[in-house]
Structure formats: structure tokens, C-alpha cells
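In this note's numbering, the protein residues as written are 545 to 1149.
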């Protein structure tokens, strides 16, 4: 619970407490997992596992417990154990420092705009939010734009002022890379060396080998092969799109080299001119609470769930909403917290936490989960209206929430999202497929003023326009995945210069200048403060599963197919009691096929 609050509504006291507690918890964990006497007792049971007539849940718990001790270094000689303890403690502190630096760097940036012409045709809700931000930062007029995505993205989309776009883009792309007190280069360089040293102590060539031994991918070679399969067609598509965007810029009278900071602005122009699509026309149909209700309605249709708002439950911020989750028969399933809006006390991005994991040893313990987002808050004149991709994020995180809520296993350590990293994104990503289907859109995509359902023609234009920028989306994501793998397949503990290493990594795959990785090293919180080291590839690995699974629903002729929905619900209810591949094969009857994903992205020839 502490870390959930510290991520979503931090303050100086929580930050200082986290700095103190994180290394202490690491030390506490090591004392348990390196306890030889305790391990000897576990090993005694493990060595007899085939004779004990254990069911699959008991057997999985025994195997995972045994492995957790071995992977923590319980069998190492004492001097190596001591070094491992030092490394773990230091990594815990550095991980906390990386995240704190990133939040401070993000919050300190302020692009103060004084001329309304520099906002172009930005929608009123964004303009009003920027005016509020300017007042909050002590300006007596004008508009302030920050590096938080709900502020940064609208400016990049709408501002015709190329130099200001470049200024805020450089601020965004250089977080943690300004040679100041919040610089993350040295932090991550030490982390990489310590992770490599730890892998060597535990008998692995690299940190990635150590991490992937527990994942569906199994080893770095399989990850690189997967990324490579998608990289080539994605890069080809992105180059084609780049040329189209550059031509549009030149036709607008700007004769200059097309830059990364131009990309979003001209994508919006192309979508408008070529596809006759304006995202601002769709936002009124994606009011945040309506989107939430759409996710709830989908869960009702597929899994027979109901959601009842609770008003008298403690929250850590006034913006939080709390719901009791019930089966159709009114039986309690769990509790869901939803926290939609960006604020300076909240880390960036969107995520799910399990405040209490489901278990059923002596009695059924129901789960309590949270969904956290960073959407623009309502203003006095407008509710929070989402873009299509932001609405997708609601369904994505809700999918994680369902993974926790629908869990039905014996042991908490095997429940819900306690699964391999490259399986955990599958239940979240698959939910995104339903949200744009006409049968689902009519459940929730209704104009917040008129109540009219989003028109079919608008959906068709939106889908065509969204397909246009798929090369960019895939390339920026894959580039970050390659960067993660390159940092964590280093085999020695020699010091690397962050910027030099990153450039070499991107040059190796041929990344074009006009696109940067979705996360550059110094603000790659997923891998340096978020538990995704050697695991950022998991999103695309899980995409194979989600595209393949949803194709089964589509081919059945009913996207709500009750038989498939029942199988899917059973699969995610089993948490981590079976391997990811076994779970998927029990659901689908076969191994996943990458072709559904390549077709969806438009990369299949």
C-alpha cells in the first residue's frame, strides 16, 4: 500500500520514507532468501516433490519458492552472499533515486507561452488547463505547458510555432540528462554494472539471461528474434510516413530538414487533409466516466460482472473513485480504485497496483486493486475528454485490474498478475481490441452533451487515420525494447557512457533521426525504477497473444462468444499457477500465431 500511495500521491515525507525503507526492505528480503537453514527445509520437501501427491497449485508454489531462494543466491559462499546483499541494497537505493530524479525533472520544466497565436487551434479545454497551470506557477498571464503527457502532447499536436515545439520536445527528450542534481546518467550506469555483477554471481552471463530464465521468451536470442521480425517492416513504414510528413511540411512553405519535433504536428495535419479526420471531433464521445462505464459494461457482457460505486471508502486523493465488484448473482468479487487525473504528486504513465491479492487458504480473501492514469483533469467549463488512445489506456489498465479481480487460486503469491512479465500484458492489451468494435462503442461512446452515439462514419475515419501512424508507434516502442535489451546483455562490468552507448545501440538497428525511442535511457523508468529491466519487449510478446486471442473471437462471428469468454475468464483466474504458454494453450488449443499481429499492424505483405 505504501508504494501505491508514494507513486500516486507523493510528498516530501513519503519520498524521504521511501529512500529510507527501500534498501531496508531489500536487506530484509535477503535475510529470508539467503537463510540456509530455512532453505534446507524447503529443499527437503522439494527433493521429494514427486512422491508427495501434490496438486498443480501446491506443486507450483513449491517450485516457485525453491527457485526464489536459489535465484536469490542461497547456495553461494558467504563472501559472495555478502557482496550480493550490498548490490541489492545499492540497487534499491539507486532505483528510488532514478524515479525521484525523473519526477523532479518533469515537474521543474515550464514552457511559458505569452502569445495565443502559438497555441494554434488547440481545443479550449487544453487552453484552459494551460492557463490554470500558468497561474499555479506564478505567472499573471499566458499559458504554461509541462512535460506531463496531458500537457506536452497537445502542444506538440497544435502549436504552429516550430521553435517552441523544438524547445519543449528537447525538454522532454532530455529529462535526466541535464548535468544537474537530477541527472540520471551516472545512476543508471552504476545500476547496469551492478546488475551485470549480480548476474555473474548467480551464474548467468548477463542480467537479461537471469531475468528471461523465468519468462516465456526464455533467453535474449528469442527476444531479439521477435523484435527483429517486426522491426524491419515497421521501420520501412515509418520511413514512408516520414517522407510524406516532410513533403507536407515543405508544401506548407517550411523548407528545412524535417525534425522529430515536427512529427506529431504534421501527423495531425495529414489525418485532417488525407483522412478528413479531426481527433477533436471524437473527444466529446470519450468523456472519462463514460469510457469507464464502457469498460464496466464490457466486463458485464463478457464475465457477468457488476460495478457499484462506494462513497464512504478511504482514499489517498479526492479524485479517486471506488467500486465494489460483484458477480451477476450479487456475490462480492473485490474492490477497484480508479484514479484518473494527472498531478505533480503522481508519477507519469498509467499502471495497476494490487493493494490486496486474492487467496483462498482457510477462507476466500478478495482482491483490492487500483487503476492509475494521467489524464487532463476537468476544468470549470469542460469535463475530462479523452483521445482515442487515452480511452484505449482505460481499457488496458482495466484489463490488468480484471486479471487481479477475477483471480481464483489458493495462494496469494500465485494469484492475479503474479505471472511472467511477458504474459502479464496479455490480459490488459486484449481488452483494447473490444473498445473500438461498433457493438462496444455504442455502449459508451456517446456525446457528453447530446447523448448521441458516435457516428459510424466517424469511427471508420478514425480507424483509417489511426492506422496511418502505426510505423511510428511500432518503431518508437521497438527502439526502446532494443535499448533495454542492449543495456542488459552487456557481459562485463566496464563503465559505459550513457549517451555514447545509446547512440551505438540505435545506430545498430538503423533508427532514423526523426524518431527517438519511446523512452531514452535517462527517463526509462520502466527498466530503471519500475521492474521491467530486460522486460520492455513484453508488450509486443503479449501483443502476439492478444491479437491471436481476439482473432478467435472475431472468427467465431461473435465478439462476445460466451464459450470463448468462459475459457478466457478461467485462464486469467488461474494467475501464475501454470506457465504462461500452458495457460494460453488451454485457452486456445494451440500455440500463439504471430500472423494476426502482423496483419493488425499492416506489416503482413
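The beta carbon of each residue, even a glycine, is placed where N, CA and C say it ideally should be.
Practice prompt. Compute the Euclidean distance between the alpha carbons of residue 964 and residue 653, then round it to the nearest angstrom.
Written response: Residue 964 and residue 653: Cα-Cα distance of roughly 37 Å.
Item to complete: Consult DSSP for residue 798 and reduce its assignment to one of helix, strand or coil.
Response: Three-state result, residue 798: coil.
Practice prompt. For residue 895, write down the residues that DSSP places opposite it in a beta bridge.
Written response: In DSSP, residue 895 forms a bridge with 916.
Worksheet item: Would DSSP call residue 666 helix, strand or coil?
Response: Here residue 666 carries a coil assignment [DSSP, helix/strand/coil].
Worksheet entry | Burial state of residue 842, where buried means 16 or more other Cβ atoms lie within 10 Å | Here residue 842 is buried: its Cβ has 16 or more other Cβ atoms, across all protein chains shown, within 10 Å.
Fill in: For residue 807, the first and last residue of its enclosing alpha helix (DSSP H)
Counted as a single uninterrupted DSSP element, the alpha helix (DSSP H) harbouring residue 807 occupies residues 807–817.
Worksheet entry | Rounded straight-line distance, which links the Cα of residue 585 to that of residue 714 | For residue 714 and residue 585, the distance between alpha carbons rounds to 56 Å.
Worksheet item: Would the beta-carbon of residue 825 fall within 9 Å of that of residue 1002?
Response: Between residue 825 and residue 1002, the gap from beta carbon to beta carbon is short of 9 Å.
Item to complete: At 4 residues or longer, and completely inside the region 898–961: list those alpha helix (DSSP H) runs for me, N to C.
Response: As far as the region 898–961 is concerned, its whole alpha helix (DSSP H) runs of at least 4 residues are 932–949.
Worksheet item: Counting pairs of beta carbons, one from the region 1114–1129 and one from the region 994–1014, are three or more of them closer than 8 Å?
Response: A contact is defined here as three or more CB-CB pairs under 8 Å, and the region 1114–1129 fails this definition with respect to the region 994–1014.
Worksheet entry | DSSP-derived helix/strand/coil call for residue 754 | Helix at residue 754.
Worksheet item: So, is residue 1090 buried or exposed, given that buried needs 16 or more other C-beta atoms within 10 angstroms?
Response: By the 10 Å Cβ count, residue 1090 comes out buried.
Worksheet item: Taking one C-beta from the region 969–983 and one from the region 922–942 each time, how about it: are there three or more such pairs within less than 8 Å?
Response: These segments touch.
Discussion item. Within the continuous alpha helix (DSSP H) that includes residue 1045, where are the two ends?
Written reply: Per DSSP, the continuous alpha helix (DSSP H) segment holding residue 1045 begins and ends at 1042–1053.
Worksheet item: By a C-beta neighbour count over all protein chains shown, 10 Å radius and 16 as the cutoff for buried, is residue 1083 buried or exposed?
Response: The residue in question, residue 1083, is buried, as its Cβ has 16 or more Cβ neighbours within 10 Å.
Worksheet entry | Nearest-angstrom beta carbon gap, residue 862 and residue 552 [assumed within contact, 8 Å] | That belief does not hold up - the Cβ atoms of residue 552 and residue 862 are roughly 12 Å apart, past 8 Å.
Practice prompt. Indicate whether residue 1008 and residue 810 have their beta-carbon atoms separated by less than 9 Å.
Written response: Against a cut-off of 9 Å, the Cβ pair of residue 810 and residue 1008 comes out as no contact.
Fill in: residue 596, buried or exposed, once every other Cβ within 10 Å from all chains shown has been counted against 16
Answer is exposed; the Cβ neighbour count stays below 16.
Worksheet item: Which value, in whole angstroms, describes the spacing of the CA atoms of residue 1062 and residue 1023?
Response: In this structure, the CA atom of residue 1062 is about 7 Å from the CA atom of residue 1023.
Worksheet entry | the region 1092–1111 touching the region 1126–1139, judged by at least three CB pairs closer than 8 Å | Yes, since at least three Cβ pairs between the region 1092–1111 and the region 1126–1139 fall closer than 8 Å, the two stretches touch.
Worksheet item: Just reading off the alpha helix (DSSP H) that residue 878 is part of, what are its end residues?
Response: First-last for residue 878: 876–885, but that is the beta strand (DSSP E), not the alpha helix (DSSP H).
Discussion item. One question on the structure: do residue 1029 and residue 771 come within less than 9 Å of each other, judged by their Cβ atoms?
Written reply: Against a cut-off of 9 Å, the Cβ pair of residue 771 and residue 1029 comes out as a contact.
Worksheet item: From which residue to which residue does the alpha helix (DSSP H) around residue 853 run?
Response: Premise fails: residue 853 lies in the beta strand (DSSP E), 849–854, not in any alpha helix (DSSP H).
Fill in: residue 739 and residue 1032 closer than 9 Å at C-beta
With a cutoff of 9 Å on beta-carbon distance, residue 739 and residue 1032 are scored as near each other.
Fill in: Nearest candidate by alpha-carbon position, reference residue 696, set 1105, 683, 673, 802
Nearest Cα to residue 696 within the set 1105, 683, 673, 802: 673.
Worksheet item: Among residues of its own chain, excluding the 5 on either side of residue 730, which ones have a beta-carbon nearer than 6 Å to its beta-carbon?
Response: By the criterion of a C-beta distance shorter than 6 Å, residue 730 is surrounded by no residue of its chain, once the five residues flanking it on both sides are discounted.
Worksheet item: At what residues does the beta strand (DSSP E) containing residue 632 begin and finish?
Response: It is not in any beta strand (DSSP E) - residue 632 instead sits in the alpha helix (DSSP H) that spans 622–652.
Worksheet item: Using the rule of at least 16 other Cβ atoms within 10 Å of the residue's Cβ for burial, across every protein chain shown, is residue 858 buried or exposed?
Response: Exposed is the label assigned to residue 858, since fewer than 16 other Cβ atoms lie within 10 Å of its Cβ.
Item to complete: Measure the CB-CB distance between residue 969 and residue 1143 and report whether it falls below 9 Å.
Response: It is not a contact, given that the beta carbons lie outside the stated cut-off.
Practice prompt. Leaving out five residues on either side along the sequence, give the residues of the same chain with a beta carbon under 7 Å from the beta carbon of residue 919.
Written response: The beta carbon of residue 919 sits closer than 7 Å to the beta carbons of 694, 832, 884, 885, 886, 928, 930, 934 from its chain, once the five residues preceding and following it are set aside; these are given in chain order.
Worksheet item: Is the distance from the Cβ of residue 662 to the Cβ of residue 703 below 9 Å?
Response: Going by C-beta atoms, residue 662 is nearer than 9 Å to residue 703.
Worksheet item: Under 9 Å between the Cβ atoms of residue 783 and residue 1056?
Response: Closer than 9 Å, so yes.
Discussion item. Considering only their Cβ atoms, is the gap separating residue 901 from residue 951 smaller than 9 Å?
Written reply: Contact: yes.
Item to complete: Please look up how many angstroms separate the CB atoms of residue 700 and residue 808, rounded, as I've assumed it's under 8 Å.
Response: Your pair residue 700 and residue 808 checks out as a contact, with CB atoms roughly 4 Å apart and the cut at 8 Å.
Practice prompt. Determine the direct distance from the alpha carbon of residue 571 to that of residue 565, and round the result to whole angstroms.
Written response: Distance between the alpha carbons of residue 565 and residue 571: 10 Å.
Discussion item. By DSSP's criteria, residue 990 is part of a beta bridge. Which residues make up the other side?
Written reply: Assignment of beta-bridge partners to residue 990 by DSSP yields 997.
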